[in-house]
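Participant: Quick one: structure below, then a few questions.
Residue numbers (my numbering): 1 to 126.
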């Protein structure tokens, strides 16, 4: 199965859901331990780490930068550029006035480019 995560603690299993779900991830991991008859420490060594970049953009309360046409366009263009080679997650923080721009991609140059373009669009909208 595909298992991903971000520094803020979200665990995502893209084969089953597009959002973070720690309970789902835990159940699948426990099932894999039982099926394989292996310890957790043995299973985690199988994970391939994909380069990830997370940038936070602070915004003023009352602003809605994710509603900006330029931000939506930058996100759509990044999704096309990443296609199946990466993953993109843009969301408001649940605890502070931040837009979290997170992407994963094997190509670190492409990763930096798409995150930079989205961050620039969000900053222009705040």
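Glycine included, each C-beta is placed from N, C-alpha and C at the ideal position. Remember, it's a predicted structure, so these values are computed and weren't measured experimentally.
Output the boundary residues of the beta strand (DSSP E) element that contains residue 86.
Facilitator: Per DSSP, residue 86 belongs to the beta strand (DSSP E) from 86–92.
Participant: Give me the Cα-Cα distance between residue 106 and residue 85, rounded to the nearest whole angstrom.
Facilitator: Computed Cα separation, rounded: 7 Å.
Participant: Does the structure place the segment 92–110 close enough to the segment 56–64 that three or more beta carbon pairs sit under 8 Å?
Facilitator: These segments touch.
Participant: In the DSSP assignment, find the unbroken alpha helix (DSSP H) run with residue 70 in it and report its ends.
Facilitator: Counting along the chain, the alpha helix (DSSP H) containing residue 70 begins and ends at 69–82.
Participant: Grab me the residues of residue 119's own chain with a C-beta within less than 7 Å of its C-beta, minus the 5 sequence neighbours each way, in chain order.
Facilitator: For residue 119, where only same-chain residues beyond five positions count, the Cβ hits under 7 Å are 55, 57, 101.
Participant: Can you tell me where the alpha helix (DSSP H) with residue 33 in it begins and where it stops?
Facilitator: Run containing residue 33: 22–36, per the alpha helix (DSSP H) assignment.
Participant: Tell me, to the nearest whole angstrom, how far the beta carbon of residue 78 is from that of residue 88; I am working on the premise that it is less than 8 Å.
Facilitator: 6 Å between Cβ atoms; contact.
Participant: Of all the options 98, 29, 122, which has the alpha carbon lying nearest to the alpha carbon of residue 47?
Facilitator: The candidate whose alpha carbon is nearest that of residue 47 is 29.
Participant: Taking a contact to mean a Cβ-Cβ separation below 8 Å, would you say residue 33 touches residue 24 in this structure?
Facilitator: No. Outside cutoff.
Participant: Can you tell me the Cα-Cα spacing of residue 116 and residue 37, whole angstroms?
Facilitator: Cα-Cα distance, rounded: 43 Å.
Participant: Among 63, 26, 20, 5, which one has its Cα closest to the Cα of residue 99?
Facilitator: Minimum Cα distance to residue 99 is reached at 63.
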